[in-house]
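Below is one structure, written out as structure tokens, with a few remarks after it.
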Amino acid sequence: MRNILDFCVEVGKLKRMPRRGWVINQIKNPESIAEHIFRAAIMGWVLGGKKRGINMEKLIKIALIHDLCEVHAGDTTPYDSILPKSKKSLKALMKTWPRFSNSEKREKAANKYKKEKAGLEKLISKLPLGLKKEMRGLWLDYEKGLTPEGRFFKQADRMENFLQAYEYWKKFKNPPLAPWWLWAREFFDDPILLEFMDAMEIKFHPYKSNNEHQ
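In this text, residue positions in the sequence shown follow the working numbering: the first is 1, and each later residue adds one.
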């Protein structure tokens, strides 16, 4: 039981760890990683319930485990390797979506995966064998899209991030939405999540077409 207690204490650190993307965007009092996990899990459950053949218990477990590695691995963004030193340049950078070559993308993805896998293994190292095996399998499912649950939640997780960007934009007029829409058009393909994205557009930006986002 002591090892489970220690695991829960470690996981609790996520309640105090701000999401790095919002820190970079200079959002005041940004959400924590734990806050993101909470709503991503809710969205995965509610939206996943509209799909046939989804194992909801598995999906919710994937949602709960997917970012726990960040206790030790930290949170990373696509901008980390190209961040400028000046605030003016940083503000300009945030209006763009970073572009990398295919080889650069593969290298960055491999490094991120390696770092986060090590973080997860450290976090779960002293848990009972069966629980450790289950958590590792769920995390790998999310990372590699091994099942319909893992593939759907990967997109639902990103949709939560997109929704948070819209909420901050509504409150602070920051972050700029143009790069988010460029990314969204490349990433989302699930019909239910595309419908949800359309609803977001109507709610937050009813009088502008997509290409007018600033």
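C-beta: ideal position from N, C-alpha, C; glycine also.
Check: residue i C-beta below 7 Å from any heavy atom of the ligand SAM
i     : result
Lys91 : For the ligand SAM, the structure offers nothing, since it holds no ligand at all.
Where residue i falls, given that 16 or more other Cβ within 10 Å makes a residue buried
i      : result
Asp189 : exposed
Ala92  : exposed
Pro179 : buried
Asn25  : buried
Ser103 : exposed
Pro175 : buried
Val71  : buried
Met1   : exposed
Arg106 : exposed
Gly48  : buried
Leu83  : exposed
Lys61  : buried
Arg131 : According to the sequence displayed, residue 131 carries Leu and not Arg. Burial call: exposed.
Ile4   : exposed
Contact set for residue i: own chain, Cβ-Cβ below 6 Å, skip 5 residues either direction
i      : result
Gly21  : Thr77
Arg185 : none
Lys95  : Pro176
Leu120 : Cys69, Trp139
Tyr168 : Ile27
Selection from the options that minimises the alpha carbon distance to residue i
i      : options                        : result
Met17  : Leu68, Arg52, Phe204, Lys58    : Leu68
Leu59  : Gly137, Arg39, Gly44           : Gly44
Trp181 : Ile192, Leu163, Pro191         : Leu163
Ala63  : Phe196, Lys173, Ser125, Arg136 : Arg136
Ile33  : Phe172, Met197, Val46, Glu160  : Glu160
Leu204 : Lys170, Gly74, Leu194, Met56   : The displayed chain sequence assigns Phe, not Leu, to residue 204. Closest by alpha carbon: Lys170.
Glu35  : Val11, Ser89, Glu116           : Val11
Ala41  : Phe153, Met197, Asp198         : Phe153
Glu201 : Tyr166, Arg52, Asn111          : Tyr166
Ile195 : Asn3, Lys115, Lys50, Leu120    : The question names Ile, yet the displayed sequence has Glu at residue 195. Of the candidates Asn3, Lys115, Lys50, Leu120, the one whose C-alpha sits nearest the C-alpha of Glu195 is Lys50.
Ala99  : Asp198, Phe38, Tyr79           : One detail in the question is off: residue 99 reads as Arg in this sequence, not Ala. Considering only alpha carbons, the answer is Tyr79.
Asp75  : Lys13, Asp198, Ser101, Met56   : Lys13
Residues near residue i in its chain [Cβ-Cβ closer than 7 Å; skip 5 each side]
i      : result
Arg158 : Phe187
Trp183 : Trp97
Ile113 : Residue identity check: residue 113 is Tyr in the sequence provided, not Ile. For Tyr113, where only same-chain residues beyond five positions count, the Cβ hits under 7 Å are Glu143.
Pro30  : Pro18, Arg19, Trp22, Val23
Ser209 : Per-residue confidence for Ser209 stands at a pLDDT of 47, beneath the threshold of 50, marking its modelled position as unreliable; the derived number appears in the next sentence. If we look at Ser209 and ignore the five residues flanking it on each side, it has no Cβ neighbours.
Whole-Å CB distance - residue i paired with residue j, under 8 Å assumed
i      : j      : result
Glu149 : Ile65  : So it is not a contact: roughly 12 Å between Cβ atoms.
Ala156 : Leu193 : 7 Å
Ala73  : Glu134 : 20 Å between Cβ atoms; not a contact.
Cβ neighbours of residue i in the same chain (closer than 8 Å, five flanking residues each side left out)
i      : result
Ser81  : Lys108
Asn172 : Note that residue 172 is Phe in the sequence shown here, rather than Asn. The residues are Ile27, Lys28.
Leu146 : Leu140
Phe215 : Here the chain covers residues 1 to 214 and nothing more, so residue 215 does not appear.
Enclosing alpha helix (DSSP H) for residue i [first to last residue]
i      : result
Asn111 : 102-124
Cys8   : 2-12
Phe188 : Neither: Phe188 is in no alpha helix (DSSP H) and is coded neither H nor E.
Gln164 : 148-172
Lys88  : 87-93
His36  : 33-48
His72  : 70-73
Asp80  : Asp80 -> no alpha helix (DSSP H), and no H or E assigned at all.
Ile54  : No alpha helix (DSSP H) holds Ile54; DSSP gives it neither H nor E.
Asp141 : 129-144
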